[in-house]
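S.K.: Residue 37 in the UniProt record's numbering sits at position 37 of the sequence shown, and the numbers go up by one each step.
Glycine included, C-beta positions come from ideal geometry on N, C-alpha and C.
One structure, pasted below without further comment.
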Amino acid sequence: MTTKAKLIAFTIDCDDPRKLAAFYHEVTGFEIQYSEEEYAAIGDGSTSIYFGRVPGYKPGTWPSPDKKFHFDFRVPDLDKAVEEYIALGAVKPEFQPGVTEEGTRWIVLQDPEGHLFCVVPEQS
1 MTTKAKLIAF
11 TIDCDDPRKL
21 AAFYHEVTGF
31 EIQYSEEEYA
41 AIGDGSTSIY
51 FGRVPGYKPG
61 TWPSPDKKFH
71 FDFRVPDLDK
81 AVEEYIALGA
91 VKPEFQPGVT
101 EEGTRWIVLQ
111 DPEGHLFCVV
121 PEQS
């Protein structure tokens, strides 16, 4: 049997760790644990998201296969959350695969450095 591991952190390469930590602090409510020019972290006491500065960092484009990862965040009010996250610096790309004639299953956004994340409504 394989030893099971518990995820404690996820590290995101970026150009401005402080800026992304502040952005995701607002999105998730995770506390800012550390914030310096080269490195920043947010967390909830059991899981952390780290942001590490990579000089010359360039995000992937959307849509394309060069996307490396994305977060999915469930929210109580999809439209309100999207509006708030855009006000914080997120961008809503034109290509939205979660929006169909049957309704909106999720909205794709890009954080201030271009990393993708999906905003998903609560299930009814």
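1) Have a look at Ala90 and Tyr24 and give me their C-alpha separation to the nearest angstrom.
2) Which residue wins for smallest C-alpha separation from Thr47, given the options Val108, Ala5 and Tyr57?
3) Rounded C-beta distance between Gly98 and Ile107? I'm assuming under 8 Å.
4) Kindly indicate the opening and closing residues of the alpha helix (DSSP H) around Tyr24.
5) Would you say Cys118 and Asp72 are within 8 Å of each other, going by their C-beta atoms?
6) Short check: CB of residue 147 to CB of Thr11, under 8 Å?
7) Quick one: give me the first and last residue of the alpha helix (DSSP H) that Tyr57 is part of.
8) DSSP state of residue 135, grouped into three classes?
9) Reducing DSSP to helix, strand and coil, say where Leu116 ends up.
10) Where does Asp44 fall in DSSP's three states?
11) Name the DSSP bridge partner or partners of Tyr34?
12) Between Asp16 and Glu37, what straight-line distance do the alpha-carbon atoms span, to the nearest angstrom?
M.R.: To lay it out plainly:
1) As a first step, residue 90 is located in the sequence shown; it is residue number 90 there, counting from the start. As a first step, residue 24 is located in the sequence shown; it is residue number 24 there, counting from the start. Annotation: Ala90 to Tyr24 spans about 10 Å, alpha carbon to alpha carbon.
2) Within the sequence shown, the letter at position 47 stands for residue 47. The residue from Val108, Ala5 and Tyr57 with its alpha-carbon nearest to that of Thr47 is Ala5.
3) Position 98 of the sequence shown, counted from the first residue, corresponds to residue 98. Position 107 of the sequence shown, counted from the first residue, corresponds to residue 107. The beta carbons of Gly98 and Ile107 sit about 6 Å from each other, so the pair counts as a contact at 8 Å.
4) Residue 24 sits at position 24 when you count from the first residue of the sequence shown. For Tyr24, the enclosing alpha helix (DSSP H) has its first and last residue at Pro17 to Thr28.
5) Your numbering for residue 118 matches position 118 in the sequence shown. Your numbering for residue 72 matches position 72 in the sequence shown. A Cβ-Cβ contact shorter than 8 Å links Cys118 with Asp72.
6) In the structure as shown, the chain begins at 1 and stops at 124. Residue 147 is therefore absent and cannot be evaluated.
7) Residue 57 sits at position 57 when you count from the first residue of the sequence shown. Membership of Tyr57 in any alpha helix (DSSP H) is not indicated, and neither H nor E is assigned to it by DSSP.
8) Not covered by the structure: residue 135. The range shown for the chain is 1 to 124.
9) Start at 1 with the first residue of the sequence shown, and residue 116 comes out as number 116. It is a strand residue.
10) Position 44 of the sequence shown, counting from 1, holds the residue named residue 44. The answer is coil: DSSP assigns Asp44 none of H, G, I, E or B.
11) Counted from its first residue, the sequence shown places residue 34 at position 34. Looking at the DSSP output, Tyr34 shares a beta bridge with Ala41.
12) As a first step, residue 16 is located in the sequence shown; it is residue number 16 there, counting from the start. As a first step, residue 37 is located in the sequence shown; it is residue number 37 there, counting from the start. Their Cα atoms are separated by approximately 7 Å.
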